[in-house]
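Q:
Number of protein chains: 2
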Amino acid sequence: MESKRSMIKNIIRLRGNNREKIEDEIVIEAPVTIYLNGNELVTLLCTPEKIDRLALGFLRSEGILTTIDDLASMRTHEEKGLVEIDLKGESVSLEKFYGKRTITSGCGKGTVFFNVIDSLRSKPLTGKMEVDSGKIQNMMNEMQQRAELFKLTGGVHSAALADNEKIILFCEDIGRHNAVDKIIGECLIGGISTAAKCFILSGRISSEILLKAAKLKIELIVSRAAPTSLSIDLAQKLNITLVGFVRGQRMNIYTHHWRVKISNGN
Amino acid sequence: MESKRSMIKNIIRLRGNNREKIEDEIVIEAPVTIYLNGNELVTLLCTPEKIDRLALGFLRSEGILTTIDDLASMRTHEEKGLVEIDLKGESVSLEKFYGKRTITSGCGKGTVFFNVIDSLRSKPLTGKMEVDSGKIQNMMNEMQQRAELFKLTGGVHSAALADNEKIILFCEDIGRHNAVDKIIGECLIGGISTAAKCFILSGRISSEILLKAAKLKIELIVSRAAPTSLSIDLAQKLNITLVGFVRGQRMNIYTHHWRVKISNGN
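Protein chains in written order, with my numbering: chain A, 295 to 560; chain B, 295 to 560.
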């Protein structure tokens with residue numbers, strides 16, 4: 295199967311001393327450039343599907359756009375890897391965006407650091423969402439089942455938005471941040487509230503992902519992988535529940551464990 | 295064990311319906327700010343060890359510094375997370391750095407895209423390094439053995455520099471790019487040539503990692519994980535051998551397979 299998500303390449307597979315030529319499915323990485331009000335803003339390297347969602351989610355994560363009402367128009371050219379977005383008058387704070395960039399890193403980490411400081415000053419979430427531990431396990435299993443591109447290529451991350459019962463949105467991308475941004479973009483387009491929702495992620499939880507979730511008032515972040523010390527500290531302060539290493543019957547709860555109810559049987 | 299690489303946190307571990315309070319080892323994420331010739335350049339989020347190596351490697355990867363001779367002085371303040379670097383006169387091309395930033399992404403991906411274009415115009419490597427497939431397996435095993443922080447916390451990536459016999463340098467960091475940049479910084483400080491060397495990595499091979507290696511004339515990139523389509527295309531054009539999914543007796547060779555010699559027995 296060839297698609298815009300994966301492609302076949304001829305490779306050589308070694309198994310011990312046995313060498314064979316095979317066809318293998320490779321995840322596609324492609325550039326997508328976002329134009330904002332006629333100006334080139336940024337180029338992202340990503341899995342080139344749902345690029346309109348990616349662009350909107352990226353703008354939301356960067357604080358350039360807050361609601362879908364900020365959007366005047368959007369044109370997507372999938373084959374060229376272009377998304378042109380026009381925002382309504384006053385809503386563009388590009389100076390802030392460019393200003394941040396000039397002192398930040400090749401991986402936007404400087405930006406995030408300043409956001410960390412902002413977030414330490416911001417108010418903790420007040421949501422009282424509760425999720426059954428068995429549901430968390432089931433949703434993690436479901437996400438892994440749905441990770442078709444990962445099963446095919448082994449080279450992508452998954453992200454899902456869920457309530458306390460089921461997965462609502464699901465995305466895969468070569469980048470951890472892109473996968474989350476696509477979910478955010480889908481929420482903007484579909485008018486899906488992120489209140490009383492959780493993120494389910496395949497990748498590790500860094501401070502950057504924690505802050506992305508906090509901006510959306512996501513109360514619970516669940517991952518198959520590890521959190522960092524900084525993400526735990528931020529989650530503690532912002533009243534976000536952090537759950538990691540969800541594997542089979544096991545999980546680690548790092549902060550605000552009252553949101554996770556232990557299943558009785560199931 | 296508390297160190298600047300990991301710390302103990304009190305967490306709750308669920309196993310089925312069993313809930314217990316335990317102490318768990320968490321990988322530390324901390325900001326490190328690089329000052330260049332007295333100006334704040336960038337803040338990276340990283341595992342806060344070898345931060346002088348990280349800073350030098352970052353500058354090398356960004357093309358701000360080429361050799362250790364460009365360095366006038368360096369002061370490292372580990373506890374504050376600061377590295378102050380002064381370069382000799384003409385060698386700083388900050389305009390290029392800032393210029394790139396203003397049109398690129400929260401994850402530096404735009405920058406990389408332009409580098410991709412540059413690299414497609416650059417000349418293929420001419421090195422004729424060859425490595426035995428059994429040595430590749432052994433070195434991957436050795437790297438996993440040495441990944442102490444990963445074994446402790448489950449939250450970091452590994453990177454190593456090797457010749458065709460053995461691992462020469464090894465680093466761990468919460469970021470894939472940081473781990474590689476620390477290796478690059480160590481090479482600069484130690485006067486270690488990267489010619490006829492390979493990278494051994496725990497994480498997936500994106501175009502960004504490929505281009506980082508190409509700048510150093512690294513002939514072979516070996517990973518436990520998957521490559522992307524763009525990294526394979528670039529490796530093909532730049533005469534770099536790409537090997538992925540090195541697990542046990544198995545590996546996939548994506549490009550220029552003549553550099554990998556099949557072991558006879560062993």
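For every residue, glycine included, the Cβ atom is placed at its ideal position computed from N, Cα and C.
Could you confirm whether any beta carbon from chain B is found closer than 8 Å to the beta carbon of A:Tyr548?
A: yes
Q: Identify the continuous beta strand (DSSP E) that holds A:Leu339 and give its terminal residues.
A: 333 to 340
Q: Going straight from the alpha carbon of B:Gln438 to that of B:Ile486, what length do you get?
A: 23 Å
Q: Considering only residues of the same chain and omitting the five flanking positions on each side of B:Asn458, which have a CB-CB separation below 8 Å?
A: Met423, Glu424, Val425, Asp426, Lys429, Ala490, Cys492
Q: Please list the residues of the region 507 to 527 of chain B that have a C-beta atom closer than 8 Å to any C-beta atom in chain A, keeping them in chain order.
A: Ala519, Ala520, Pro521, Thr522, Ser523, Leu524, Ser525, Ile526
Q: Looking at the unbroken alpha helix (DSSP H) that takes in B:Thr447, where does it start and where does it end?
A: 442 to 447
Q: For B:Ile345, which residues in the same chain have their Cβ closer than 8 Å to its Cβ, ignoring the five residues on either side in sequence?
A: Val326, Thr370, Glu372, Gly375, Val377
Q: Hey, is B:Arg299's beta-carbon within less than 8 Å of any beta-carbon in chain A?
A: no
Q: Compare the C-beta of B:Ile534 with all C-beta atoms of chain A and state if any pair is closer than 8 Å.
A: no
Q: What's the C-alpha gap between B:Lys476 and B:Ile534?
A: 21 Å
Q: Given that A:Phe539 touches chain B, what residues does it touch there, using C-beta distances under 8 Å?
A: In chain order: Gly448.
Q: CB-CB under 6 Å to B:Gly538, same chain, minus the five flanking residues each way: which ones, in chain order?
A: For B:Gly538, the CB contacts under 6 Å within the same chain, skipping 5 residues up- and downstream, are Ser517, Ala520, Pro521, Asn546 in chain order.
Q: Which full runs of the beta strand (DSSP E) of 3+ residues lie inside the region 509 to 539 of chain B, going along the chain?
A: 514 to 517
Q: Check B:Arg280 in the structure and name its three-state DSSP category.
A: Residue numbering for chain B in the displayed model covers 295 to 560; residue 280 of chain B lies beyond these limits and cannot be assessed.
Q: Establish whether the CB of B:Gln543 and some CB of chain A are separated by less than 8 Å.
A: Yes, B:Gln543 lies at the interface with chain A (some Cβ there is under 8 Å from its Cβ).
Q: Apart from the five residues on each side of it in sequence, which residues of its chain come closer than 8 Å, Cβ to Cβ, to B:Ile462?
A: Ala454, Leu455, Ala456, Ile486, Lys491
Q: Can you find a CB in chain B that lies within less than 8 Å of the CB of A:Asp318?
A: With a threshold of 8 Å between beta carbons, A:Asp318 makes contact with chain B.
Q: In terms of residues, what are the limits of the beta strand (DSSP E) holding A:His371?
A: 365 to 371
Q: Between the Cα of A:Glu334 and the Cα atoms of A:Arg541, A:Ala349, A:Leu536, which residue gives the shortest distance?
A: A:Ala349
Q: List the whole-angstrom C-beta distance separating B:Ile320 from B:Lys303, where the pair is believed to meet the contact cut-off of C-beta under 8 Å.
A: That belief holds up - the Cβ atoms of B:Ile320 and B:Lys303 are roughly 5 Å apart, short of 8 Å.
Q: Please list the terminal residues of the continuous beta strand (DSSP E) segment that includes B:Leu455.
A: 451 to 456
Q: Mind reading off the beta-carbon distance from A:Leu532 to A:Leu419? Whole number of angstroms is fine, and I expect it under 8 Å.
A: Yes, A:Leu532 and A:Leu419 are in contact; Cβ-Cβ is about 6 Å, under 8 Å.
Q: In angstroms with no decimal places, state the Cα-to-Cα distance between A:Lys561 and A:Arg307.
A: There is no way to answer for residue 561 of chain A, as the model of chain A reaches only from 295 to 560.
Q: Would the beta-carbon of B:His451 fall within 8 Å of that of B:Gly469?
A: yes
Q: Compare the C-beta of A:Asn432 with all C-beta atoms of chain B and state if any pair is closer than 8 Å.
A: By this cut-off, A:Asn432 is not an interface position.
Q: Since B:Ser367 meets chain A, which of its residues come closer than 7 Å, beta carbon to beta carbon?
A: In chain order: nothing, as chain A lies at least about 22 Å away.
Q: Are the beta-carbon atoms belonging to A:Tyr329 and A:Ile362 less than 8 Å from one another?
A: no
Q: In terms of residues, what are the limits of the beta strand (DSSP E) holding A:Ile302?
A: 300 to 309
Q: Taking the continuous alpha helix (DSSP H) assigned at B:Asn472, which residues delimit it?
A: 470 to 484
Q: Does any C-beta atom of chain B lie closer than 8 Å to the C-beta of A:Ser496?
A: no
Q: When the Cα of B:Glu317 is compared with those of B:Gly542, B:Leu359, B:His550, B:Leu446, which residue comes out closest?
A: B:Leu446
Q: Under three-state DSSP, which class holds A:Glu502?
A: helix
Q: In angstroms with no decimal places, state the Cα-to-Cα distance between A:Asn435 and A:Gln543.
A: Answer to the nearest angstrom: the Cα atoms are 11 Å apart.
Q: Any idea if A:Thr360 is buried or exposed, counting beta-carbon neighbours within 10 angstroms, 16 or more meaning buried?
A: exposed
Q: So, does the CB of B:Ala453 fall closer than 8 Å to a CB anywhere in chain A?
A: Answer no: the Cβ-Cβ gap between B:Ala453 and chain A never drops below 8 Å.
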